[in-house]
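Numbering (the numbering used here), first residue to last: -12 to 91.
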């Protein structure tokens, strides 16, 4: 075994500190959060637009639900305000008619 190892070492270079040089690009997600699923493995070839991972969406879904509830409340308040304006306009018309009949 020792002779074979010596002969092999003469023909082949070995190292314990090997590094591969390659192009690396940073990954910067648009939102923060915990990674739910990873779609690639080490050394997989990827190209622009490939989905590498997904981020847990529960926190964001809660925010969306809260925003939708706030929107519904605001829409309801707006509808009530429109009804109040209509009622006030009707009261103004009645008051104008009353004034005109009293003057007339």
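A virtual CB, placed ideally from N, CA and C, is assigned to each residue, including glycine. In this text the structure is predicted, and so the values were computed from the model without any measurement.
Item checked: Cβ-based neighbour list, residue 41, same chain, cut-off 7 Å, excluding 5 preceding and 5 following -> On the chain shown, residue 41 is found 54 positions in, with the first residue counted as 1. These residues qualify, in order along the chain: 23, 24.
Note to self: Nearest by alpha-carbon distance to residue 12: which of 79, 39, 90, 85 is it?
What the structure shows: In the chain shown, counting from the first residue as 1, residue 12 sits at position 25. Taking only the C-alpha atoms, the option nearest residue 12 is 39.
Note to self: For residue 16, which residues in the same chain have their Cβ closer than 7 Å to its Cβ, ignoring the five residues on either side in sequence?
What the structure shows: Along the chain shown, one-based indexing puts residue 16 at 29. Closer than 7 Å at Cβ, skipping near neighbours: 42.
Check: According to DSSP, what are the bridge partners of residue 24?
Finding: Mapped onto the chain shown, residue 24 falls at position 37. Answer is 41.
Next item on the list: With DSSP as the reference, label residue 92 as helix, strand or coil.
Entry: Nothing can be reported for residue 92, as the shown portion of the chain is limited to -12 through 91.
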